[in-house]
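In our numbering, each residue carries its 1-based index in the sequence shown increased by 15.
Virtual Cβ for every residue (Gly too), placed ideally from N, Cα, C.
Just so you know, these numbers come straight off a predicted model, no measurement behind them.
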Amino acid sequence: CVCERERESVCVCSTIDVEDSIRMGGLAAIKAKRIQDICNTIFAERGKVCLEHLATASSEQIKEELSKFPGCGPKTISCVLLFNLQRPDFAVDTHVFRLAAAAGWVPSEASVRAYNHKHGVG
């Protein structure tokens, strides 16, 4: 879990400082504010910035919990499941989707629409 000092450094420091810390990942201005908002929301709800309670939750429960945060969409949630929780998942962005389609791995358009509707993908 993020200790109080780390919470202070992320949630209380200037958004510019957070931006500078994450700039190399792209979209820093948007992500910095969202990260701070998410940390503050979690702190307000749980009394600490910690999501360890999700480690024992089902993947569907985790998806439901994380999707309530603005900016936390299917790709981000898949990354959390795969890299943080070592759960079988696959993060798909526009570029991965295009490559998969070119390789013939993408199901019919109707199946894609059904998946997108079920998972809240725009």
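Asked                                                                                                                                                        : Found
Determine, using beta carbons only, whether R128 comes closer than 8 Å to chain C.                                                                           : No chain C appears in the structure shown, which is made up of a single protein chain.
If distances are taken between C-alpha atoms only, which option among M39, E67 and S24 comes closest to G55?                                                 : As written in the sequence, residue 55 is Asn, which differs from the Gly given in the question. Of the listed residues, the one whose Cα sits closest to N55 is S24.
Taking only runs of the alpha helix (DSSP H) that begin and end inside the segment 43–126, which ones reach a length of at least 4 residues, in chain order? : 43–61, 74–81, 89–94 and 109–117
So, under 8 Å CB-CB, E80 and L69 are touching, yes? Tell me the CB distance rounded to an integer number of Å.                                               : 6 Å
Tell me which residues share the same chain as A43 and place their Cβ nearer than 6 Å to its Cβ, disregarding the 5 neighbours each side in the sequence.    : E34 and I37
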